[in-house]
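Peer 1:
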Amino acid sequence: MTKNELKFYSSLLQKKFRTEEKKFLVEGIKLIREAILSDFKCERIFFTSSFYEKYSDEIKYFEKLKIPFEQIHKKELEKLSDVKSPQEIIAVIHYKEKQQSNFNSKFIVALENINDPGNFGTIIRNCDWFGIDNIIASDDCAEIFSPKVIRASAGSVFHLNIFEEKEFCISLENYKSMGYKLYCSDLDGKNISEIKSNSKIIIALSNEANGPTNELLKLSDEIITIPKKGRAESLNVANASAVILYEMTK
0 MTKNELKFYS SLLQKKFRTE EKKFLVEGIK LIREAILSDF KCERIFFTSS FYEKYSDEIK
60 YFEKLKIPFE QIHKKELEKL SDVKSPQEII AVIHYKEKQQ SNFNSKFIVA LENINDPGNF
120 GTIIRNCDWF GIDNIIASDD CAEIFSPKVI RASAGSVFHL NIFEEKEFCI SLENYKSMGY
180 KLYCSDLDGK NISEIKSNSK IIIALSNEAN GPTNELLKLS DEIITIPKKG RAESLNVANA
240 SAVILYEMTK
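What follows is the structure, given as structure tokens:
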């Protein structure tokens, strides 16, 4: 790897350059496998000598798929990672071509201001677990392809349709005009277990510290909540999403 290449690829650790270049980094063999098995394009893979010694079969697989790869020094790989102890292999992945969020499915999850990458990634993983393929995210959510979101999603980010919408509520309004019913999660609402809907639905989840915006609340057909039994002030939004998605998909 040349110095210029190292400088370029390490710049992808920053959101600004990921957005400009429409590329991002994926670290760890499990996540890279998930990316390769999806419809994302893999530009290049870098790994250390110790990775090659342990996973030579993986290298043969990359070769079979005609994915360019290169063995680099551990110090170089460390400059491509955002963690102190890198996993010895990193891939460069291309953004998918921008599409419109014109879903035609029974169930959509809408995320408003989920700005914590761990929560955002975990919700993506939960959606994947419950068979929900489509997510609309407001533009103040965490960045979809940041390393932390990718890790928290455990690779599910590569298998779902996730769209960032600048006009978040306008987008939801458009879906409502197509027959979708919008359920918004909040602390004060109808017991989630009492909701029975066979129609096309959107579940809206918001930042747990601030709650849903007034605009989202006004737009919603129903406010739903998970009944509280103890003294905790609130549920983490990622944990709450698992309960809500279970109830709404069973």
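Mapping the sequence shown onto numbering that gives the first Met the number 0, position 104 (from 1) lands on 103, and the numbers just tick up by one.
We treat Cβ as the ideally placed atom computed from N, Cα and C, and that holds for glycine.
The model shown is predicted, which means the values in this text are computed figures rather than measured ones.
1) Opposite N190 in the DSSP bridges: which residues?
2) Are there 16 or more other CB atoms within 10 angstroms of the CB of V156, so buried, or fewer, so exposed?
3) Would you give the residue range spanned by the beta strand (DSSP E) that I88 belongs to?
4) Buried or exposed: which applies to V108, given that a residue is buried once 16 or more other Cβ atoms fall within 10 Å of its Cβ?
5) Let me check understanding here. Comparing Cα to Cα, which of T224, I89 and F129 lies closest to F45?
6) Does the stretch 237-247 come close enough to the stretch 217-228 that 3 or more CB-CB pairs lie under 8 Å?
7) Rounded to whole angstroms, what's the CA-CA distance from I194 to L79? Just pull it up for me.
8) Are the Cβ atoms of E172 and P85 separated by less than 8 Å?
9) Locate the alpha helix (DSSP H) running through E42, then write down its first and last residues.
10) Just tell me which of K147, L24, F39 and M177 has its CA closest to the CA of R124.
11) Taking 8 Å as the cut-off, decide whether the C-beta atoms of G120 and S170 are in contact.
12) Quick check on the DSSP output: the alpha helix (DSSP H) that includes S137 runs from which residue to which?
13) Quick check on the DSSP output: what are the complete beta strand (DSSP E) runs of length 3 or more inside the stretch 105-182, in order along the chain?
14) Would you kindly work out how many angstroms separate the C-alpha atoms of S192 and K22, rounded to a whole number?
15) Alpha carbon to alpha carbon, what distance is there between D185 and A231?
16) Does any CB atom of chain B fall closer than 8 Å to the CB of D138?
17) Note the first and the last residue of the continuous alpha helix (DSSP H) segment covering K74.
18) Going by beta carbon distance, what residues of the same chain come within less than 8 Å of N114, once the five residues before and after it are set aside?
19) Measure the C-alpha to C-alpha separation of N103 and Y179 and round it to an integer number of angstroms.
20) Among residues of its own chain, excluding the 5 on either side of K161, which ones have a beta-carbon nearer than 6 Å to its beta-carbon?
21) DSSP has L204 in a bridge; who is on the other side?
22) Which residue from I122, L24 and E33 puts its Cα closest to that of E77?
Peer 2: Answer, in terms of the structure:
1) T224
2) buried
3) I88 to H93
4) buried
5) I89
6) yes
7) 47 Å
8) no
9) Counting along the chain, E42 falls outside any alpha helix (DSSP H), though it belongs to the beta strand (DSSP E) covering C41 to F46.
10) K147
11) no
12) Unbroken run through S137 is the beta strand (DSSP E), N133 to S137; no alpha helix (DSSP H).
13) 106-111, 133-137 and 160-164
14) 42 Å
15) 15 Å
16) You won't find chain B in this structure, because it holds only one protein chain.
17) K73 to E77
18) D139, C140, A141 and N206
19) 10 Å
20) Here the sequence assigns Ile to residue 161, which means Lys is not the residue at that position. Here the set comprises I134 and I143.
21) L110
22) L24
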